[in-house]
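Respectively, the protein sequence lines represent chains A and B. In terms of the working numbering, the first sequence opens at residue 1251 and continues consecutively. In terms of the working numbering, the second sequence opens at residue 10 and continues consecutively. A short write-up of the structure that comes next.
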Amino acid sequence: MLRRFNYIDVILWIFRIGIIGLVVWGTVAKLSFGVGRSYSTANWLDFVISGLSQGSLYALIALGYTMVYGVLFMINFAHGEFFMAGAMTSAVLVALPLAEANILNDYPIPSLLLIFLSAILVSIGVAVLTERVAYRPLRRAPRLVPLITAIGASFFWQYYFRGLFGSSLIPFPEFDIFKGEADLFGIQILKTNLMVMVTSVVMLIGLQLFVTRSKIGKAIRAVSEDKDTAILMGIDVDRTISITFAVGAAMAGVAGVLYAIVFRQLNFIMGFTPGIKAFTAAVLGGIGSVPGAALGGLFLGVIEAVGPPLFLEGLNIPGAHQLKDVIAFTMLVLVLIFRPQGIMGERLTSKKA
Amino acid sequence: MSQFWKQTVQIALIAGAVTLSAAVIGLIETFDQRDIIAGILTLGEILLFAAAPVAGYICINRLKTQRFGVALLQGLVAGLVVVLPVWGLLVLNSFWESIREAFINVSPALIEILTLRQPSAITGVLLLGGSFALLGVIGALFARLPKLLQRSLLTGIGWVIGLGLLSEILVDILRPRIGRPLTGVVFGAKGLHLTPTLVIFATITILTFVWRQWGGTQYQRVRGTMSSGQLRWAHRIQVVLGVIILLILPSFVGVYLSEIINNIGLYILMGLGLNIAIGLAGLLDLGYVTNFAVGAYIMAILTSSSPLGIEQSAGFGGITFWMALPISVAAAMLTGFILALPVLRMRGDYLAITTLGFGEIIRILARSDWLKPIIGGAQGILLIPQAAITGWFSSLLSFILVPIETFLSRFGITLLAVNNQGDIVFDTPPQLYYLLVLACLFMLFISVRLNGSRIGRQWMAMREDEDVAGAMGIDTTKAKIIAFTLSAASGGLAGAIFAAKLGSIYPHSFQLLISINVLALIIVGGMGSIPGIVVGAFALIGLPELLREFAEFRLLFYGIALMAMMLVRPEGLWPSATRRRELQSTEPLVEQTPTRAGEAHEAVTIGS
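Shown next as structure tokens:
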């Protein structure tokens, strides 16, 4: 569609060029003139790797946003809470008792599986319940309505879990097998980071296969294409939507446990920031696309990890690491302004945008 | 038939699960601290027992049970099933010694409440089951009563619970006026006494019944016979009464309640502002706290006497609250304008999440070391002076005020107090109250005028359908920019007053929660409805302030309120007239005509 080029475009262009200019300036200043602290190559590599690990967490959470958006065209604001619910419950009810009974480190793999399983189940339970109670009756309502409901659901679950497990930080037990660093082709990687990346990749591939190969995946794709036609083809749309929520929540549950293993501290508001960032990742990669979410997550993770030491310190900003979240939010705004279809470039119709 | 019982059990199980949840997250125990009937019934017990009659009622209503005997049996079954999850918790508790390590709120106190404070657990458990069964039957019986009687009884129960909840505050207000013996008869240390409860319940129920049956129609008839001139006079009397109540409120309710009312006032200001974006223009702005923060920080920088204030840092002193106020508002408007530019092309949920991002960016920036030299980082800005009226204007005001004050002080009423130096300082909550009332009235006036203006109608058109509005020749870009800018103004005003009220500001005062609070009060009150915002602010900001011990569950209830409003009553508690008409258009028009005509009439008289 052709659009007139008006003054808003001019302002947006100035905005875009300004941001890009700042980033380039900061980067050049850092790399050529060495403004601020200096980092070795190994340091930079560490930044990238921790970024990739963080990014794969974002990717896992982003899948939930992407899949739900695919079928319902709504941002499931409460998705971050599914992530939190799984992690908190599995930590309190499974991981900590296992650690106390010394089973955790004697039988690490079965305990790990048990933790993952419980987190997935809780996340799915919360997600399906939310969908059934709060979203399903509003399927045909104006678009603002389910969004507000989702915000309500998000706060409800946060404070529900605060009531269940308290407001203090919950420590997650440490796995002996994930202590220290691993040597991978001459690169030293923290074992936790390696584990996060491997698990995420496995989950992502599994999900991609599930969506493209399985019959349920086919149903999900059909529903996201056209609900009414899907009904005519004999697809139970309500059930398919529930399954979509459940699959997204399962990914969030896995991400929750991975988060717990990396950061080892959990709280009832832990879902908020990762949730928004994962949403950014989903938009970045092109909402509705599974590989896009993965790519967007990784990209965001790396930018977030490398950005502060690179161009923010280059701009001579003190305490640059504090502004990590600002980078993510700015990315979100930039992507939404200039490339709402995201990296993977699925064109948004006016219905979706 | 089996389907019938299956559904009964299902409904009851859901009710039981809700009760169990309320118990496990600590709601029942917290609410147990609040007596409704002194020494007899607490709010926690009401919450615990409510599920059984509600389940019984819903079962009868949902499944349309006809036969009386079946209904009784159904209520009994429902009550017994509701208790199962709670029993489950008690059993779990007796097996699992360290249950509190996982579920922090399953305390001995909670178990005591759940076993009805019986010395032996077994009797407690049985008694609990028995009372649930009985209450289930009562719920079922209630469902068979005529609708009018049901409503009257519910109104009676509602009044008793409301009065019981607010008893402490009511005692505080009433005791100096009607004396301790009289309040002592009705109110205990906490909650109502038993006999007054019954009296209140019976009176309210009968009154409601009589009013619903006869009074309402009588009132309508009398009203119908009044001429337009009489109606206009009635309206004028209402306005005068309203103004008088507004003026003498703080000396009537005391310092503590004035403080709460001031907080409500701040939120009304923000609500009115955000309403322009959300209610009128349909732009879901989740970063409203940005404007609030900008207003507060500009006020702080301009007037503070700390090293961060402009007086010390730039040697540019002598800026008073009144000079800084328009600058703060203008700065907030500028922020609103600038932040509107990137989001002009976004719609609905993308807009929401982007503005939410803005709000977070502002908070992170305010806390960061980067901007610390300017706005103080996490330590914030201190030493912000209070708003005050000084000089010739205060002399003029006190010339008028002092005689009135001396007259009113005989009745124990103070309005704006003038201090020894002849200045009027807005330092205490009752003083600040007048500043906030002024600000709120000003914004109310602007909102009402905007509502019916050309741009207001453009916004509403845009809210319904942006493309169609554009096709009708509305410059949607311009309309959006104006909406964001004007909506920011009110937030800036609230922020500036907030800074002067507190005397110091910190980044943690500007969290996403503020945006969510404002959003929630608009939604609960009714999107686009100005009286709705006032109602919403009183319900969502005032009530939790009064019921302090529920503070930790405040957002839980906000979440429930947001969901429930959207599911059950999307138009809000006090919807605007247009919204009501739109949303109820499916209902038969005939039934509604009398009230409509009344409203239309009123609107005409106000307008003329």
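Even for Gly, the Cβ is constructed at its ideal location relative to N, Cα and C. It should be emphasised that the depicted structure is a prediction, and the values quoted were computed from it without experimental measurement.
Taken in chain order, the complete beta strand (DSSP E) segments of 3 residues or longer contained in the stretch 1435–1495 of chain A are 1437–1440. For residue 483(B), there is no enclosing beta strand (DSSP E), as DSSP marks it with neither H nor E. Per DSSP, the beta bridge partners of residue 1433(A) are 1438(A). Around the beta-carbon of residue 461(B), fewer than 16 other beta-carbon atoms lie within 10 Å, marking it exposed.
Within the model, the alpha-carbon separation for residue 186(B) versus residue 370(B) is close to 50 Å.
In this chain, the alpha helix (DSSP H) harbouring residue 253(B) covers 237–284. Rounded to the nearest angstrom, the Cβ distance from residue 1449(A) to residue 1497(A) is 16 Å, too far for a contact under 8 Å. In this structure, the straight-line span from the alpha carbon of residue 545(B) to that of residue 574(B) is close to 12 Å. Taking a contact as a CB-CB distance under 8 Å, the pair residue 1534(A) and residue 1593(A) counts as one, their CB atoms being some 6 Å apart.
By the Cβ-count criterion, residue 223(B) is exposed, with fewer than 16 other Cβ atoms from all chains shown falling within 10 Å of its own Cβ. Out of 257(B), 84(B) and 138(B), the CA that lies nearest to the CA of residue 18(B) is found in 84(B). Listed along chain B, the residues sitting closer than 9 Å to residue 1568(A) by beta-carbon distance are 377, 378, 379 and 381. Burial of residue 440(B) is indicated by the presence of at least 16 other C-beta atoms within 10 angstroms of its C-beta.
Residue 115(B) is a Cβ neighbour of residue 108(B), given a cutoff of 7 Å. For residue 33(B), the chain A residues whose C-beta falls within less than 7 Å of its own C-beta are 1414, listed in chain order. Per DSSP, residue 45(B) is one residue of the beta strand (DSSP E) stretching across 44–46. Against chain A, a Cβ distance below 7 Å from residue 359(B) picks out 1586.
Residue contact with chain B for residue 1572(A): present (Cβ-Cβ distance below 7 Å to some residue of chain B). Using a Cβ-Cβ distance cut-off of 8 Å, the stretch 1315–1324 of chain A and the stretch 1566–1585 of chain A are not in contact, since fewer than three pairs of beta carbons, one from each stretch, lie closer than that value. Shown in chain order are the members of the stretch 92–114 of chain B whose Cβ falls below 7 Å from a Cβ of chain A: 111, 112, 113 and 114. Across the structure, residue 475(B) and residue 468(B) are spaced so that their CA atoms are roughly 9 Å apart. Contacts between residue 579(B) and chain A, judged by CB atoms closer than 7 Å, involve 1395 in chain order. With fewer than three CB-CB distances shorter than 8 Å, the stretch 239–259 of chain B does not count as touching the stretch 185–205 of chain B. With a threshold of 7 Å between beta carbons, residue 1357(A) makes no contact with chain B. Close CB contacts of residue 392(B) within its chain, under the 6 Å cut and outside five residues either way in sequence, are with 313, 314 and 315 (chain order). Within a 10 Å sphere around the beta-carbon of residue 517(B) sit fewer than 16 other beta-carbons, which makes this residue exposed. Check the Cα spacing between residue 507(B) and each of 425(B), 561(B), 390(B) and 139(B): the tightest is with 390(B).
Residue 279(B) places its beta carbon less than 7 Å from that of residue 527(B). Secondary structure note for residue 376(B): its alpha helix (DSSP H) is the uninterrupted segment 357–376. Residue range 130–153 is occupied by the alpha helix (DSSP H) that includes residue 145(B).
Here the stretch 159–179 of chain B makes contact with the stretch 205–216 of chain B; the two share three or more CB pairs at distances below 8 Å. Relative to residue 40(B), the option among 560(B), 578(B) and 585(B) whose CA is nearest is 560(B). Per the C-alpha coordinates, the member of 449(B), 283(B), 306(B) and 343(B) positioned closest to residue 504(B) is 306(B). Under DSSP, residue 579(B) forms no beta bridge with any residue. The CB of residue 291(B) comes closer than 8 Å to the CB of 1394 in chain A, given here in chain order. Its Cα nearest to that of residue 1277(A), the residue 1556(A) stands out among 1308(A), 1556(A), 1479(A) and 1419(A).
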